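The structure appears below as structure tokens.
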Amino acid sequence: MSGTAFVVPCLLAGLAAYALAKKVDVYGALTAGAAEGLTVVLRILPALIALLAAVYMFRASGAMDALTALLAPVMQRLGIPPETAPILLIRPLSGSGALAVAGELIVRYGPDSAIGRTAAVMMGSTETTFYTVAVYFGAAGIQRSRYTIPAALIADLTGFIAAALTARLFFGQ
Amino acid sequence: MAMAWVWAVLVVASVLFGSINGSMGDVSRAAMEGAGAAVELAITMAGAVCLWSGVMELMSRCGLAGHLANCFRPLLRRLLPQASRDDETLSAVSANLSANLLGLGNAATPLGIRAARRMARGCDGTASDELCRLVVLNTASIQLLPTTVAALRAAGGSAAPFDILPAVWVTSVLSVTAGLLAARLLGRVWR
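Those protein sequence lines, which keep their order, are chains A and B. So for the first sequence, the working numbering puts the first residue at 209; every next one is plus one. So for the second sequence, the working numbering puts the first residue at 8; every next one is plus one.
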């Protein structure tokens with residue numbers, strides 16, 4: 209049993225006690241949030257269906273193996289498992305797309321495998337870069353974003369490399 | 008539009024490789040299988056996603072987001088010195104950061120946009136260094152509890168879905184640092 213086993217139960221209990229002490233309706237907040245979670249799931253489901261159908265086809269046709277083999281030399285030099293290549297390609301473009309690809313890897317290789325863990329850490333530590341930039345600059349009326357996208361992509365690439373590195377370091381896989 | 012291309016390329020490549028490799032039967036079955044797997048995945052994830060949304064809602068009703076936001080102010084005064092002179096921008100940015108940390112994406116974006124609009128005033132369409140920095144900060148994930156991905160791992164049968172936390176934190180810090188550093192260096196040459 210690792211220390212992280214304590215994080216979730218203690219967080220739940222501590223938060224409930226803290227909320228009661230502050231006279232916040234714990235149960236009401238939990239159920240209201242859960243209802244919102246349900247709409248999140250419903251919102252990503254159509255994208256997940258479209259993308260997983262395509263990703264499964266891509267995998268079954270042998271194209272996934274070809275892509276992995278094509279990118280393997282670069283990926284291995286960066287220390288990233290080549291199987292996670294699709295995440296790198298889709299993550300900056302689409303959150304639900306990346307979720308579909310990562311979900312497929314996690315189910316296929318197992319959540320506690322090196323590939324599954326790397327995929328999960330990648331998802332947990334990066335964002336949908338192009339979408340975010342478009343939303344912010346669109347709302348602020350900015351046409352010239354200058355170096356924002358290159359800098360954000362450098363952050364993403366660092367995140368991908370670091371995800372593979374930390375998955376190896378913390379789990380010795 | 009980008010995703011239209013991604014989807015089309017995936018499917019067209021599948022057909023090409025399927026006919027070259029003679030695996031078209033598998034490709035055909037895979038389309039249906041994938042669609043079914045998506046529903047299965049969404050259902051197995053739904054419980055965890057909803058529970059965590061509830062926890063996050065509870066956190067924000069307890070005022071934790073506000074406390075966190077106050078902790079950020081000194082840091083933001085250094086990162087965005089000009090924008091911080093405007094008190095409303097500073098409070099929007101710090102609320103944006105704390106919502107991001109708690110994984111409250113729906114709350115974070117409007118706050119960040121409010122700050123971005125104020126920072127973009129009078130710069131006629133060109134992003135200032137500080138605005139670039141704010142957006143880079145938002146494109147790098149700084150979530151304390153990556154609950155969606157934990158739900159994904161739980162759905163896949165992980166023994167401990169949250170055991171990736173330390174790895175996620177270290178990775179997030181590294182990627183945010185790299186992004187801000189890159190922004191600072193590029194800002195000197197890219198006018």
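All residues carry an ideal CB built from backbone N, CA and C; glycine is no exception. A quick note: this is a predicted structure, and the numbers were derived from the prediction, not measured.
Mapping the DSSP letters down to three states, classify residue i as helix, strand or coil.
| i | result |
| --- | --- |
| residue 209 (chain A) | The predicted position of residue 209 (chain A) is uncertain, since its pLDDT is 49 and thus under 50; a value taken from the coordinates is nonetheless stated next. DSSP places residue 209 (chain A) in coil when its eight states are reduced to three. |
| residue 356 (chain A) | helix |
| residue 334 (chain A) | coil |
| residue 243 (chain A) | helix |
Comparing alpha-carbon positions, which option in the options lies nearest residue i?
| i | options | result |
| --- | --- | --- |
| residue 384 (chain A) | B:115, B:146, B:86 | Since the first residue of chain A shown is 209 and the last is 381, residue 384 (chain A) is not available in this structure. |
| residue 123 (chain B) | B:33, B:109, B:144 | B:144 |
| residue 312 (chain A) | B:153, B:41, B:179, B:92 | B:41 |
| residue 320 (chain A) | B:167, B:134, B:69 | B:167 |
| residue 318 (chain A) | B:71, B:57, B:161 | B:161 |
| residue 87 (chain B) | B:170, B:31, B:126 | B:126 |
| residue 368 (chain A) | B:29, B:181, B:14, B:159 | B:181 |
| residue 121 (chain B) | B:187, B:195, B:94 | B:94 |
| residue 344 (chain A) | B:118, B:77, B:58 | B:118 |
| residue 84 (chain B) | B:141, B:197, B:106 | B:141 |
| residue 57 (chain B) | A:253, A:339, A:288, A:242 | A:242 |
| residue 372 (chain A) | B:130, B:53, B:156, B:178 | B:178 |
| residue 54 (chain B) | B:129, B:174, B:159, B:193 | B:159 |
| residue 267 (chain A) | B:36, B:64, B:82 | B:36 |
| residue 30 (chain B) | A:315, A:271, A:296, A:221 | A:271 |
| residue 264 (chain A) | A:309, A:296, A:255 | A:309 |
| residue 356 (chain A) | A:297, A:349, A:337 | A:337 |
| residue 297 (chain A) | A:324, A:316, A:335 | A:335 |
Examine chain A for any beta-carbon lying closer than 8 Å to the beta-carbon of residue i, and answer yes or no.
| i | result |
| --- | --- |
| residue 100 (chain B) | no |
| residue 33 (chain B) | yes |
| residue 145 (chain B) | yes |
| residue 137 (chain B) | no |
| residue 151 (chain B) | no |
| residue 186 (chain B) | yes |
| residue 194 (chain B) | yes |
| residue 174 (chain B) | yes |
| residue 11 (chain B) | no |
| residue 129 (chain B) | no |
Would you say residue i lies against chain B (beta-carbon separation less than 8 Å)?
| i | result |
| --- | --- |
| residue 283 (chain A) | no |
| residue 289 (chain A) | no |
| residue 352 (chain A) | yes |
| residue 371 (chain A) | yes |
| residue 276 (chain A) | no |
| residue 309 (chain A) | no |
| residue 334 (chain A) | yes |
| residue 314 (chain A) | yes |
| residue 318 (chain A) | yes |
What does the Cβ neighbour count give for residue i, buried or exposed, with the cut at 16 atoms within 10 Å?
| i | result |
| --- | --- |
| residue 380 (chain A) | exposed |
| residue 327 (chain A) | buried |
| residue 39 (chain B) | exposed |
| residue 249 (chain A) | buried |
| residue 228 (chain A) | exposed |
| residue 225 (chain A) | exposed |
| residue 235 (chain A) | exposed |
| residue 291 (chain A) | buried |
| residue 50 (chain B) | exposed |
| residue 209 (chain A) | Below a pLDDT of 50, predicted positions are generally treated as unreliable, and residue 209 (chain A), at 49, falls in that range; no measurement from the model is reported. |
| residue 12 (chain B) | exposed |
| residue 214 (chain A) | exposed |
| residue 300 (chain A) | buried |
| residue 269 (chain A) | buried |
| residue 150 (chain B) | buried |
| residue 281 (chain A) | exposed |
| residue 7 (chain B) | Lying before the first or after the last residue shown, residue 7 (chain B) is absent from chain B, which here runs from 8 to 198. |
Could you tell me which chain D residues have their CB closer than 8 Å to the CB of residue i, listed as they occur along the chain?
| i | result |
| --- | --- |
| residue 230 (chain A) | Of the protein chains in this structure, namely A and B, none is chain D. |
Using a threshold of 7 Å, is the CB atom of residue i nearer than that to any non-hydrogen atom of the ligand ZN?
| i | result |
| --- | --- |
| residue 95 (chain B) | This structure simply doesn't include the ligand ZN, nor any ligand for that matter. |
(request) Please list the residues of the region 72 to 88 of chain B that have a C-beta atom closer than 9 Å to any C-beta atom in chain A, keeping them in chain order. (result) None of the residues of the region 72 to 88 of chain B has a beta carbon lying less than 9 Å from any beta carbon of chain A.
(request) Could you name the residues of the region 90 to 121 of chain B whose beta carbon sits closer than 7 Å to any beta carbon of chain A, in the order they occur along the chain? (result) Considering only beta carbons, the part of the region 90 to 121 of chain B lying closer than 7 Å to chain A consists of 116, 119, 120, in chain order.
(message) To be precise: take each residue of the region 218 to 242 of chain A, compare its Cβ to all Cβ atoms of chain B, and keep it if any distance is under 9 Å. Which residues remain?
(response) Within the region 218 to 242 of chain A, the residues whose Cβ lies closer than 9 Å to some Cβ of chain B are 219, 220, 223, 224, 226, 227, 230, 232, 233, 234, 236, 237, 238, 239, 240, 241, 242, listed in chain order.
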